[in-house]
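Trainee: Below are the structure tokens for one structure; questions will follow.
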Amino acid sequence: MMKKIIVLLIMGYSIISYSQIPSYYNDVDLTITGQDLKNELSRKVINTQTTTLSYTPGIWNALMQTDVDPVNSSKVILIYGFNDTDNNSNTDRTRGINNNGGGNTDWNREHVYPRSLGNPNLGTSGPGADAHHLRPADVRRNSNRGSRKFADGSGNSGTTSQGHWYPGDEFKGDVARMMMFMYIRYGNRCLPKNVGVGQVVTNDVNMIQLFLEWNAEDPVSTLELQRNPIIENLQGNRNPFIDNPAFATQIWGGPQAEDRFDNTGGGNTLCTSTITSFPYSESFENTFGAWKQAISNDDFNWETRSGNTPSSNTGPGSADSGSYYLYMESSSPNNPSKKAILYSPCFDITSARQATFSFKYHMYGASSMGSLVLEASLDGTSWTSIWRKSSNQGNIWQTASVSLNSYIGTKVQLRFNGVTGSTWQGDMAIDAIKLSISENEGGTSSRAINLNITFDDYPEEISWEIQNDKNQLLYAGGTYESEADGSTINISETLESGCYTLIFKDTYGDGICCSQGSGSYSLIDTGNNTVLASGGSFGAQEIKDFCIGSVSRSFSQHTINDNARTAFDFSFFPNPVKDRITIKMSQTTTDDNNSIRVFNHLGQVIYDGKVTKEFILFGELPAGLYYISINNRKNTVLKKFIKN
């Protein structure tokens with residue numbers, strides 16, 4: 002979950018332009034473009050470098066400041082890393098700040114611009130000791146990269162089929178901006194074309210298109226924003242392409258990068274319609290609705306579809322909502338690394354207090370199937386990634402919910418940016434789009450709440466969400482791979498007076514107390530210090546209803562466990578299930594009062610309805626463990642079954 006947390010942090014920084022351009026650029030003419038601007042920035046970074054760091058101990062000490070994990074100061078972030086929980090140190094994304102050296106489980110100093118690719122060799126002084134392109138890296142992963150040139154790819158870092166190096170989706174923008182800095186700082190000694198594989202740009206044969214694309218596709222990260230002022234304090238100069246990625250577009254052209262200096266003008270020319278009435282929904286019933294295909298900067302289009310996608314062992318078998326859905330066909334010529342972009346209408350959330358965008362997505366195929374990214378923009382030019390999934394997610398429709406609270410008070414546009422992997426088995430689909438808001442009524446009914454979570458030994462299994470009484474998602478969080486075992490976090494939000502539902506989930510199905518640590522949670526109305534909901538001992542999921550303000554409602558709780566039987570009960574057969582399940586109730590309550598839900602082992606609702614038929618079809622579910630829950634508004638009974 003580290004990536005998710007950092008994406009949310011990035012949102013807070015990168016969607017907002019500087020209210021005032023940093024004083025560092027007071028003597029830079031920002032009205033010029035092309036080679037004139039390149040030369041101007043080059044003079045700036047050369048003239049302001051007042052200190053050359055020593056390679057040892059200077060760079061070691063610098064990296065222990067610049068690359069500290071923003072959410073855990075006892076660790077550093079490792080470039081090219083992506084997984085702290087797979088018991089493979091070679092893929093670690095973070096490591097103890099003092100675990101540096103030359104051992105296999107240490108981190109060392111990665112020259113992102115390899116020393117041997119410099120002309121001449123960069124050595125360990127001057128450009129070889131410039132903190133702007135030196136990053137902590139796992140010793141073995143650093144060795145795996147070696148002096149390989151950068152090349153395009155998707156997903157996690159690694160060697161490409163041509164023997165080059167892809168830095169990973171998280172770090173490709175960082176790499177591009179570091180290579181641009183090295184070029185303007187050291188000129189012919191650090192040419193971009195010598196360190197990357199790709200087509201050269203028309204106005205500068207030393208720059209390659211690949212780095213311009215990465216700079217636009219992967220906006221500035223929290224870590225980059227953290228590094229730049231620290232390095233300025235140590236060396237005297239800054240990386241201009243972190244301060245304003247759009248400098249690259251102004252110099253070399255290519256796709257428009259994020260403009261943090263707000264020089265591209267106002268207004269969103271891509272908005273052909275604006276949604277002002279909420280909740281908004283779109284299920285693409287043989288139509289795109291108000292959504293539009295990209296007319297440039299991508300390779301192929303999204304398509305409407307009913308039933309199976311044309312390729313076997315990939316894509317959904319049917320829509321999640323209605324009969325149709327949208328998907329991107331990954332068969333040749335749409336792979337490898339081909340892009341399909343779909344634009345939303347603009348959403349006017351200027352009067353909203355909270356805003357949440359949710360959708361269903363289906364990503365089933367080979368492990369190398371690519372990635373699906375949701376991006377947001379205020380001007381149709383600069384785009385920020387706010388949600389991302391990569392590789393095979395299973396043959397089932399999944400639910401995603403993304404807070405748009407950072408965009409409250411604006412008119413925001415979204416887009417889906419799908420990138421195929423290296424396989425034809427990579428069809429990605431979306432359906433059941435929703436955007437719900439809580440409006441700002443200007444009164445005093447808003448209440449501050451605080452969610453306190455103490456984790457057990459497996460924070461990576463925990464997630465939660467808060468829904469309103471219309472089952473609209475308001476807030477969500479988790480999972481928490483980056484949090485330490487047994488640690489505590491506090492989350493502050495606001496809610497209007499009314500009734501809500503808090504849902505806590507554990508993917509393993511053993512709650513957060515007490516078999517693997519003593520975890521717990523509590524939701525508190527901070528206005529009167531009232532505990533609205535609390536718990537910790539449950540199974541795969543716990544649902545608690547609560548009310549705040551002047552509204553009152555009886556408190557109810559539903560826990561996914563093997564509950565003791567009550568007078569209200571049901572039976573079903575067969576178990577294991579093949580195609581259908583037959584349900585028999587043990588009491589005379591009318592069917593209309595009995596609601597039924599089916600959950601997978603992750604606690605996700607995959608069926609929700611009334612007990613109006615004696616069977617439910619389950620033919621399209623993947624094999625595995627499931628739970629069936631029936632509720633008559635007073636009692637809930639839950640039982641397990643296996644799908645073959």
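Per our numbering, the sequence shown starts with residue 2, numbered consecutively. Ideal placement from N, C-alpha and C gives every residue a C-beta, glycine not left out. From a predicted model like this one, the values you see are computed outputs, not experimental measurements.
With a 10 Å radius around its C-beta and 16 neighbouring C-beta atoms as the bar for buried, classify residue 44 as buried or exposed.
Mentor: Per the 10 Å Cβ criterion, exposed.
Trainee: Between the C-alpha atoms of residue 304 and residue 328, what's the straight-line distance to the nearest angstrom?
Mentor: Roughly 5 angstroms between the two C-alpha positions.
Trainee: Which residue marks the beginning of the beta strand (DSSP E) containing residue 127, and which one marks its end?
Mentor: Element bounds for residue 127: n/a, residue is neither H nor E.
Trainee: Please work out which residues of its chain come closer than 6 angstroms, Cβ to Cβ, to residue 68, disregarding the five sequence neighbours upstream and downstream, and give them in chain order.
Mentor: Hits under 6 angstroms: 77, 78 and 137.
Trainee: Keeping to the same chain, check which residues put their C-beta closer than 8 angstroms to that of residue 333; ignore five residues upstream and five downstream.
Mentor: Correct list, in chain order: 425.
Trainee: So, under 8 angstroms CB-CB, residue 525 and residue 494 are touching, yes? Tell me the CB distance rounded to an integer number of Å.
Mentor: With 8 angstroms as the limit, residue 525 and residue 494 do not qualify as a contact, their Cβ atoms being about 11 angstroms apart.
Trainee: On a Cα-Cα basis, can you pick out the residue from 504, 309 and 571 that is closest to residue 546?
Mentor: Taking only the C-alpha atoms, the option nearest residue 546 is 504.
Trainee: Taking buried to mean at least 16 other C-beta atoms within 10 Å of its own C-beta, is residue 433 buried or exposed?
Mentor: Answer is buried; the Cβ neighbour count reaches 16.
Trainee: Quick check on residue 591: does DSSP put it in helix, strand or coil?
Mentor: Note on residue 591: pLDDT 48, under 50, position unreliable in the model; no value is reported.
Trainee: DSSP three-state call for residue 236: helix, strand or coil?
Mentor: Note: residue 236 maps to helix in three-state DSSP.
Trainee: By the DSSP assignment, the alpha helix (DSSP H) with residue 36 in it spans what residues?
Mentor: Element bounds for residue 36: 35-48.
Trainee: Assuming residue 494 is part of the alpha helix (DSSP H), what are its boundary residues?
Mentor: Not the alpha helix (DSSP H): residue 494 falls in the beta strand (DSSP E), residues 489-497.
Trainee: Take the Cβ of residue 176 as the centre, count every other Cβ of all protein chains shown within 10 Å, and call the residue buried at 16 or more, exposed below.
Mentor: So residue 176 counts as buried.
Trainee: Along the chain, where does the beta strand (DSSP E) that runs through residue 285 open and close?
Mentor: Per DSSP, residue 285 belongs to no beta strand (DSSP E) and is neither H nor E.
Trainee: When you compare only the Cα positions, how much space is there between residue 371 and residue 312?
Mentor: Taking the straight line joining both Cα atoms gives about 16 angstroms.
Trainee: Could you tell me how far apart the beta carbons of residue 213 and residue 154 are, in whole angstroms, since I believe they sit closer than 8 angstroms?
Mentor: Rounded, the Cβ-Cβ distance is 16 angstroms, inconsistent with contact.
Trainee: In terms of residue numbering, what span does the beta strand (DSSP E) encompassing residue 473 cover?
Mentor: Unbroken run through residue 473: none, as it is neither H nor E.
Trainee: Under 7 angstroms, Cβ to Cβ, is there at least one residue of chain C near residue 463?
Mentor: Reference to chain C is not applicable here, since this structure consists of a single protein chain.
Trainee: Using 8 angstroms for Cβ pairs, my map puts residue 648 next to residue 530. What's the rounded Cβ distance?
Mentor: With the chain covering only 2 through 645, there is no way to say anything about residue 648.
Trainee: Using the C-alpha atoms, what's the distance from residue 39 back to residue 1?
Mentor: As shown, the chain starts at 2 and ends at 645. That puts residue 1 outside it, with no answer to give.
Trainee: Any idea if residue 105 is buried or exposed, counting beta-carbon neighbours within 10 angstroms, 16 or more meaning buried?
Mentor: Counting Cβ neighbours within 10 Å, residue 105 comes out exposed, since fewer than 16 surround it.
Trainee: Look at residue 475 and residue 357 and say whether their C-beta atoms are less than 7 angstroms apart.
Mentor: Yes; because the gap between Cβ atoms is below 7 angstroms, this pair is in contact.
Trainee: Within a Cβ cutoff of 8 angstroms, which residues of the same chain sit near residue 1, ignoring the five residues on either side of it in sequence?
Mentor: Residue 1 falls outside the range modelled here, since the chain spans only 2 to 645, and no answer is possible.
Trainee: Hey, residue 196 and residue 180: beta-carbon distance below 7 angstroms or not?
Mentor: The answer is yes: Cβ separation under 7 angstroms.
Trainee: May I have the straight-line CA-CA distance separating residue 496 from residue 400, to the nearest angstrom?
Mentor: One C-alpha to the other measures close to 23 angstroms.
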